[in-house]
Amino acid sequence: MTEQDSGQERDDHPLRRVSLRNFESLIDQQVRAAEEAGQLANLAGAGQPLKLDDDQHVPEELRAGFRMLKNAGVAPPWIELQQTIRAEQAALAPWLTQTNARWERLGSQQRAVAREEYAAKLRDLNKQISTFNLIAPPAVGQLPLLIIEQELKKLG
2 MTEQDSGQER DDHPLRRVSL RNFESLIDQQ VRAAEEAGQL ANLAGAGQPL
52 KLDDDQHVPE ELRAGFRMLK NAGVAPPWIE LQQTIRAEQA ALAPWLTQTN
102 ARWERLGSQQ RAVAREEYAA KLRDLNKQIS TFNLIAPPAV GQLPLLIIEQ
152 ELKKLG
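Taking our numbering, I'd label the letters of the sequence shown as residues 2 to 157.
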């Protein structure tokens, strides 16, 4: 076989003649054939809008992996951590309200204990926020750290 013959074979290969127009036509032909055969009748979700995931904040190269995790009922670690942070922030608000409601009845030692407990909760939350900021994809953005001194002013 000469070089010219092998070059001729490559040019005659059926896939070399497939253009975008031909490719779309092949897909359309197969879909039409499946419809005519009744293979696309009574599919689950037929006639309903597609439920597209909002993964615009996920980098393109991670989307397939994240979609597989989601389908398996597992979230990426940074999403689970973000949910934990939000839950702890939500739990901290009523704790602060209840502590402030009884603040006047507390002695100085009890106030110091409450202040230290609140500071410990804030430090723990900041650790979680820092971890989130390190592992979350850049497109998601960073969560702001709590300024403990300012937060402590809300107590009492």
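Even for Gly, the Cβ is constructed at its ideal location relative to N, Cα and C.
Return the first residue and the last residue of the alpha helix (DSSP H) that residue i is part of.
i	result
residue 107	Unbroken run through residue 107: none, as it is neither H nor E.
residue 66	61-72
With DSSP collapsed to three states, give me the class of residue i.
i	result
residue 154	coil
residue 101	helix
residue 145	coil
residue 137	coil
residue 56	coil
residue 114	helix
Just to confirm, are residue i and residue j a CB contact at a threshold of 8 Å?
i	j	result
residue 156	residue 116	yes
residue 136	residue 79	yes
residue 60	residue 140	yes
residue 44	residue 138	no
Please name the residue in the options whose C-alpha comes closest to that of residue i.
i	options	result
residue 167	126, 38 and 137	What is shown of the chain runs 2 to 157, which leaves residue 167 out entirely.
residue 122	132, 109, 111 and 86	86
residue 153	96, 120 and 128	120
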